[in-house]
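Heads up, the thing below is written out as structure tokens.
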Amino acid sequence: MKKPNASVWFEIYVDDIKRAATFYENVLDTQLKSLPNPTNDSIQMMSFSGDMERYGANGALVQMEGVKAGGNSTLVYFGSEDCTTEEQRVEKAGGKIFKPKMSIGEFGFISLFFDTEGNMIGVHSMK
Numbered sequence: 202m203k204k205p206n207a208s209v210w211f212e213i214y215v216d217d218i219k220r221a222a223t224f225y226e227n228v229l230d231t232q233l234k235s236l237p238n239p240t241n242d243s244i245q246m247m248s249f250s251g252d253m254e255r256y257g258a259n260g261a262l263v264q265m266e267g268v269k270a271g272g273n274s275t276l277v278y279f280g281s282e283d284c285t286t287e288e289q290r291v292e293k294a295g296g297k298i299f300k301p302k303m304s305i306g307e308f309g310f311i312s313l314f315f316d317t318e319g320n321m322i323g324v325h326s327m328k
């Protein structure tokens with residue numbers, strides 16, 4: 202199997218996993234799934250849908266003691282048919298638009314917003 206992308210997993214750290222899960226489910230029109238904790242650590246995880254048998258990135262919201270949400274330097278972009286669709290759901294779901302849909306030339310379009318935990322998140326589309 203050919204590896205299309207280098208990234209295979211991401212984690213978005215949150216302070217309130219239920220609030221954050223509701224935000225992402227509403228904005229991205231998806232369902233997150235609770236992941237079991239195989240360790241003794243105080244950690245909760247809610248995974249985005251994906252196929253762990255295939256290459257490409259998937260990830261989860263993570264609430265872990267000692268790790269604060271927001272203010273980090275990693276930016277995750279979610280794929281979309283048209284990023285305006287998700288952008289229109291952000292404020293109703295409790296987030297804040299940072300940069301409305303804008304062209305990035307031949308590479309398509311992006312929207313940037315803050316989630317309910319203070320994390321900046323992007324949405325990318327080709328139209």
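My numbering applies: residue 202 is where the sequence shown begins, and numbers increase by one.
Ideal Cβ placement from N, Cα and C applies to all residues, glycine included.
Predicted, not measured: the structure shown is a model, and the values here were computed from it.
- Relative to the Cα of residue 317, the nearest Cα in the group 211, 215 and 311 belongs to 215.
- Boundaries of the alpha helix (DSSP H) around residue 229: 218-229.
- Pairing residue 211 with residue 246, the inter-Cα distance amounts to about 12 Å.
- Within a 10 Å sphere around the beta-carbon of residue 263 sit 16 or more other beta-carbons, which makes this residue buried.
- DSSP places residue 289 outside any beta strand (DSSP E); the residue lies instead in the alpha helix (DSSP H), whose first and last residues are 284-291.
- Under the DSSP assignment, residue 261 falls in the beta strand (DSSP E) whose first and last residues are 259-265.
- Between residue 223 and residue 249, the C-beta spacing is not below 8 Å.
- When DSSP states are grouped into helix, strand and coil, residue 307 belongs to the helix group.
- Residue 305 places its beta carbon 8 Å or farther from that of residue 298.
- Shortest Cα-Cα distance from residue 261 to any of 225, 328, 323 and 314 involves 225.
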